[in-house]
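To start, the structure itself, in C-alpha cells.
Protein chains in written order, with my numbering: chain A, 772 to 1239; chain B, 10 to 446.
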C-alpha cells in the first residue's frame, strides 16, 4: 500500500505542482529554493551533482560491460628492464559484476530520493499556500535530533546493511546465472551469463545428471536430518528438564551443571574428540573388537569391513550423527525447557490434581500444550537452523567420511552432506561458484518458506493468553 | 541528559559505519600500484616481496631470505615478509584471491595444473626472464632444468613451459617397516607381508581412499593418467594394460579382505603409526619421525612390495611427487620474485634445507651427496623412484578415485562379480573424465 501511495503522491505532485515543483524534476534544489530554504537547496543540488558525476564519470566503465561481463582477457608480458609485468587493460568479470550491482543499487536509491524530493517540494508548496510555518535550516537540524531522531539514527545502519548485506546477496544471486567456475576464474579468465543453466542442472534427471541426482539425495537427507535433529533435541531437552526438576531428584543443580559443561566445551573440541572416538580404528572400535561384537556383526552380514563404520558408511553415519547431535544439543533445550516449566502457573496443575487428574494427564493436558505454545516459534527457528547446521555435520564427517556412491562423488557430494556443507566443498575445494550460488538460492528459498509458513501458523503470542 | 544519550547513540552509529567502510575500502583498492618506478637511474629500486612456505620451514626460510638480501642488497632495497602456508593447501589459498596471494609460494607438484589454468603462475623459461636470471643469478632456465632431477623438471612443466622451480623431490610414498618383526623377504611381496603381520598380531596400513595412493596399484600394472588440452583428465583404468582393470581391482580386494590390512583414512596414517598396532605402513618422508619412534631400533624403509594380479606378482608403482616454488603472475615485482624463487631452490639452499629439515633435494648434486644417500627414508624413496610416475591430472580426478578406493577398502563390491567391478570402474572413469567446471 505504501508503495502505491508513494507513486500516487508523486503523480499528484507532478500534476498539481507549481513551477518550482515542476522545475524540481530537473533541479532537485528548486523546490527548496522557491520556499527560501537555501541551505537545503544547496545540499540537494550538491547531492544531485554527485549522483550525476557518479553516473557519468564512474558508472559507464562497468555498467556498459554488464551485458556480457567483459570481453578483454588478461595478457601479461615480462619486461626485463623494469623487472615487472606489463599487463593489458583487461576486464575483470567479478569486479564488473560487483561494481554494476553497486551502481544499480545507487541508481535505484537515487530514483527513490528524486521522487521523494518532488513529493516534498509539493508538500512545501501546500504548506506555503496554507500559510503554515516553513522550517529554517537550523530548525530542520534541531528536528533531526528531536522529532525525527529515528531517521538520523537509522541512516548509517541502513547504508551499512545495504553495502554489506544486500549487495553481497545480490552478487551471489547474479553469480547463479553465470558460468563462474574453475574454468572461468576471475581475474585471469572471463565469465559470462548462462541464464538458467545452473538451475536446470540441479533439477536434471538421467544417467549422467550427477548434480541433479546428488541434489535430490542431499536435499532429502537435509530434511530428514533437520526433522530428527530438531525433534530429538526438543523431546530430549524437555524430558531431561522434567527429570531434573522432579522433586524426587537429588542434587538437581549438580546434574544441571554437569550437562551444561557440554555447552561450555566448544563444539570444535567436543565434536572432533567424538569423531576420533568413533573413527574406523578408534577407541570405540577397539572396544567392540575386543568383546567380539565386530566379528559377530560381520558374520551376521551387517558390515563388510573389519571395523564398525560408525562415521564412515551411509546409514551408520546418519544414525550416529543424529545421536551425537542429541548429546551436544539437548543441554541447550534443557535450559530453555527448565525456564518454561518454571513459568507454568502452578494453580493450573494444582487445580487439575484436586480434580483428580493423574501426573500423566497433567503432563499431556497442561505441561505439553503450554510448552508447545511458548516454544513453538523456537521449534521453527531450530528446524531452519538445523537445515544449515554446518558445524555438526562438517566436524563429524570432514576427512573421515568418504562416500562410496560414485554418482555423488562425481558431483563432489557425499551422503552425509547437507546442502550447506556441499556448497562449502564446491566453493572451497572446487571453485564451482556458479553451482554453489544456485544451491545457496535454493537454501534461501527453503528457509524462507519454512519460516514464513511457521510464523504465520504458529502464533504463540495470541494463544498464550488462553493460559493466563 | 537526553541529548547526551542521543549524541552517544549517534556517535556509535557513526563509528560503526565508518569502521565498516574502512574495512571495505582497504580490501578493494590494493592493486593500484602498477606504475613503473624503473631501475637504471642511480636510486635503488624499492622491492617488497611476500614469501609463503610451510610452517615447519619458517626458520630455514628466514636464513635463506637473509642470505638473499645479503646477496642482492646493494642492487635493490629489498624487504621480504615471510608467511606460513602449507604446500598442500597453497593452491586453495592462492586461487581464493590470486591478487592478494604471496609473490613467491611453495606448493605440491600436483597443484600445478590448476594454478597454471587459473593464470596464477609466471612462466619461467621465456627469453625475457632468462635475461633477468642471467643478469643477476648468472644462470638461465636451461641450467635449472639441467641441475634438477628429470622428474622434478617435468612436474614443473606444463605444455612444454617451465612454470616453477623444483625445491624438493620427497613428496612420494614407500614402505616403512619394523625390521625386528619383518624380514627383507617378508616386505618383498604384499602376500608375505600380510601373512607375517597376521602371524605377529600386527597390521599393515595404507591409504586407499585417495587417488594419490590407490593409483599405485594401477600404475604398477601399466595403467596411465594424463591431462588433455582442454583441462580434462585422461584415464584408462577401466580398460586393460598389462592386465585388465578388473584384475587389478580383484588384487586390491584380496588385500583389503585380509584382516591384517588396515585401510587408513587420508591423513590418519600418522595416528595409526603412533598407535603401535602397525608393523608396516605405506607413507612418505613426512612420517619419518613418527615411524622411527614407533618402530625404534627396527625402523627401516624400502620400496613398495609386489602384489598379486591374476596370479602374477606385480611391483606396486607410486606417484613421484615434488615440491615446487612458483612466482605469482600478479606480483608487482615479478623479476625480483623470480630471483627469490630461484635463490631458495638453488644448490646451497637445497643442501641447507636437507641439513636442517631432512627434506629430500631435487638438485642432482645435493641428491647424490653421501649425507643424503645415508638417510633411510630418502634411500627408500629413491629405490621406489624407478617405479614412480609423475601424476599429471585435472581437478576431477580426486573425488571419483577417492570414492573408488573407499569402495575397494570397504569391500563395497564382490571380488567375484566382475561385471559390478567393471561398472564401478566405468562410473569412476566417467567422473574423472568429465569436463572441468
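The beta-carbon is built from N, C-alpha and C at its ideal position, and this holds for glycine as well.
query = Mind pulling the chain B residues with CB within less than 7 Å of residue 832 of chain A?
reply = The count along the first chain starts at 1 and reaches residue 832 of chain A at position 61. Those do not exist, as residue 832 of chain A stays about 15 Å from chain B at its closest Cβ, beyond 7 Å.
query = Using 8 Å as the threshold, is the region 164-180 of chain B in touch with the region 132-151 of chain B, meaning 3 or more CB pairs across them?
reply = yes
message = Between residue 104 of chain B and chain A, is any beta-carbon pair separated by less than 8 Å?
response = As a working mapping, residue 104 of chain B is identified with position 95 in the second chain. So yes, residue 104 of chain B belongs to the interface.
task = Please list the residues of the region 125-140 of chain B that have a C-beta atom closer than 9 Å to any C-beta atom in chain A, keeping them in chain order.
result = 126, 127, 128, 129, 131, 132, 135, 136, 137, 138, 139, 140
ask   = CA-CA distance, residue 243 of chain B and residue 254 of chain B?
value = Taking the first residue of the second chain as 1, we reach residue 243 of chain B at position 234. Taking the first residue of the second chain as 1, we reach residue 254 of chain B at position 245. Using only the alpha carbons, I get a separation of about 15 Å.
request  = For the region 166-203 of chain B, list the beta strand (DSSP E) runs that are entirely contained and at least 3 residues long, ordered along the chain.
outcome  = 173-177, 182-187
query = Under 8 Å, do residue 326 of chain B and residue 421 of chain B count as touching if we go by C-beta distance?
reply = In the second chain, residue 326 of chain B corresponds to position 317, counting from 1. In the second chain, residue 421 of chain B corresponds to position 412, counting from 1. Against a cut-off of 8 Å, the Cβ pair of residue 421 of chain B and residue 326 of chain B comes out as no contact.
task = Quick one: which unbroken alpha helix (DSSP H) runs of 4-plus residues sit fully inside the region 1095-1175 of chain A? Chain order, please.
result = 1117-1125, 1130-1133, 1139-1158, 1161-1168
ask   = Which bits of chain A does residue 349 of chain B rub up against, with CB to CB less than 7 Å?
value = Reading the second chain from its first residue, position 340 is the one you call residue 349 of chain B. Ordered by position in chain A, no residue passes the 7 Å Cβ test against residue 349 of chain B, which lies about 12 Å from the chain.
inquiry  = So, for residue 446 of chain B: in the same chain, excluding its five sequence neighbours on each side, which residues have a beta-carbon less than 8 Å away from its beta-carbon?
reply    = The residue you call residue 446 of chain B lines up with position 437 of the second chain. Correct list: empty, nothing qualifies.
ask   = Quick one: is residue 1170 of chain A near chain B, going by C-beta distance under 8 Å?
value = In the first chain, residue 1170 of chain A corresponds to position 399, counting from 1. Closer than 8 Å to some Cβ of chain B, the Cβ of residue 1170 of chain A qualifies, so yes.
request  = Assign residue 1191 of chain A to one of three DSSP states: helix, strand, or coil.
outcome  = By one-based count along the first chain, residue 1191 of chain A stands at place 420. Looking at residue 1191 of chain A - three-state DSSP - the assignment turns out to be helix.
Where the beta strand (DSSP E) containing residue 270 of chain B begins and where it ends = Position 261 of the second chain, counting from 1, holds the residue named residue 270 of chain B. Here the beta strand (DSSP E) through residue 270 of chain B covers 270-273.
query = residue 1088 of chain A bridges to which residues according to DSSP?
reply = If you number the first chain from 1, residue 1088 of chain A lands on position 317. Answer is none; residue 1088 of chain A lacks a bridge partner.
request  = For the beta strand (DSSP E) containing residue 65 of chain B, list its first residue and its last residue.
outcome  = The residue you call residue 65 of chain B lines up with position 56 of the second chain. Segment: none, residue 65 of chain B is in no beta strand (DSSP E) and carries neither H nor E.
ask   = Do residue 1207 of chain A and residue 1197 of chain A have their C-beta atoms within less than 8 Å of each other?
value = For the purposes of this step, residue 1207 of chain A is taken as the residue at position 436 of the first chain. For the purposes of this step, residue 1197 of chain A is taken as the residue at position 426 of the first chain. Taking 8 Å as the Cβ cut-off, residue 1207 of chain A and residue 1197 of chain A qualify as a contacting pair.
ask   = On the three-pair Cβ rule with 8 Å, is the region 822-830 of chain A touching the region 866-884 of chain A?
value = yes
key: Members of the region 1066-1089 of chain A near chain B, C-beta cut-off 9 Å   = 1074, 1075, 1076, 1077, 1078, 1080, 1083, 1084
Helix, strand or coil at residue 31 of chain B according to DSSP, with G and I counted as helix = Position 22 of the second chain, counting from 1, holds the residue named residue 31 of chain B. Bear in mind that the predicted position of residue 31 of chain B carries a pLDDT of just 39, short of 50, making it unreliable; the figure below should be weighed with that in mind. Helix, per DSSP.
inquiry  = In this structure, how does DSSP classify residue 968 of chain A when only helix, strand and coil are distinguished?
reply    = Against the first chain, residue 968 of chain A aligns to sequence position 197. Residue 968 of chain A: helix per DSSP, three-state reduction.
request  = Name the one or two DSSP bridge partners that residue 449 of chain B has.
outcome  = Lying before the first or after the last residue shown, residue 449 of chain B is absent from chain B, which here runs from 10 to 446.
inquiry  = Let me confirm a value: residue 365 of chain B is counted as buried when at least 16 other C-beta atoms fall within 10 Å, else exposed. Which label applies?
reply    = Residue 365 of chain B sits at position 356 when you count from the first residue of the second chain. Looking at its Cβ environment, which holds fewer than 16 other Cβ atoms inside 10 Å, residue 365 of chain B is exposed.
query = At a Cβ threshold of 8 Å, is residue 52 of chain B touching chain A?
reply = As a first step, residue 52 of chain B must be located in the second chain, where it is residue number 43. Chain A, which has no Cβ nearer than 8 Å to the Cβ of residue 52 of chain B, makes this no.
message = Can you check which of these residues, A/783, A/992, A/1204, is closest to residue 890 of chain A by C-alpha distance?
response = Taking the first residue of the first chain as 1, we reach residue 890 of chain A at position 119. Closest by alpha carbon: A/783.
query = From this set, B/302, B/285, B/279, which residue's C-alpha is nearest residue 291 of chain B's C-alpha?
reply = If you number the second chain from 1, residue 291 of chain B lands on position 282. Checked all of B/302, B/285, B/279; the closest Cα to residue 291 of chain B is B/279.
task = Closer than 7 Å by beta-carbon distance: list the chain B residues that pair up with residue 1175 of chain A, in chain order.
result = In the first chain, counting from the first residue as 1, residue 1175 of chain A sits at position 404. Under the 7 Å cutoff, chain B gives 412, 415, 416, 419, 421.
ask   = Out of B/84, B/82, B/101, B/378, which has the shortest C-alpha to C-alpha gap to residue 1200 of chain A?
value = As a working note, residue 1200 of chain A is residue 429 in the first chain. Answer by Cα proximity: B/101.
Contact set between residue 345 of chain B and chain A, taken where Cβ atoms lie within less than 8 Å = As a first step, residue 345 of chain B must be located in the second chain, where it is residue number 336. Correct list: 854.
ask   = Is residue 181 of chain B closer than 8 Å to residue 393 of chain B when the C-beta atoms are compared?
value = Locating residue 393 of chain B in the second chain gives position 384, counting from the first residue. Locating residue 181 of chain B in the second chain gives position 172, counting from the first residue. The answer is yes: Cβ separation under 8 Å.
task = Measure the alpha-carbon distance for residue 233 of chain B versus residue 437 of chain B and round it to whole angstroms.
result = Here the question's residue 233 of chain B lines up with position 224 in the second chain. Here the question's residue 437 of chain B lines up with position 428 in the second chain. Going from the Cα of residue 233 of chain B to the Cα of residue 437 of chain B covers about 14 Å.
message = At the 8 Å Cβ level, is residue 967 of chain A part of the contact set with chain B, yes or no?
response = Locating residue 967 of chain A in the first chain gives position 196, counting from the first residue. No, its Cβ sits nowhere closer than 8 Å to a Cβ of chain B.
ask   = Can a CB atom of chain A be found closer than 8 Å to the CB of residue 152 of chain B?
value = For the purposes of this step, residue 152 of chain B is taken as residue 143 along the second chain, with counting starting at 1. So, not an interface residue.
request  = Assuming residue 333 of chain B contacts residue 175 of chain B (C-beta within less than 8 Å), just tell me the rounded distance between them.
outcome  = Against the second chain, residue 333 of chain B aligns to sequence position 324. Against the second chain, residue 175 of chain B aligns to sequence position 166. Yes, they are in contact, since the Cβ atoms of residue 333 of chain B and residue 175 of chain B sit about 6 Å apart, within 8 Å.
query = Which residues bound the alpha helix (DSSP H) around residue 229 of chain B?
reply = To locate residue 229 of chain B, count along the second chain from 1; it is residue 220. It spans 224-229 - the alpha helix (DSSP H) in which residue 229 of chain B sits, taken as one unbroken run.
ask   = When the Cα of residue 277 of chain B is compared with those of B/269, B/268, B/287, which residue comes out closest?
value = Your numbering for residue 277 of chain B matches position 268 in the second chain. Cα-wise, what sits closest to residue 277 of chain B is B/287.
query = Taking Cβ-Cβ distances below 8 Å as the criterion, which residues of the region 350-363 of chain B are in contact with chain A?
reply = none
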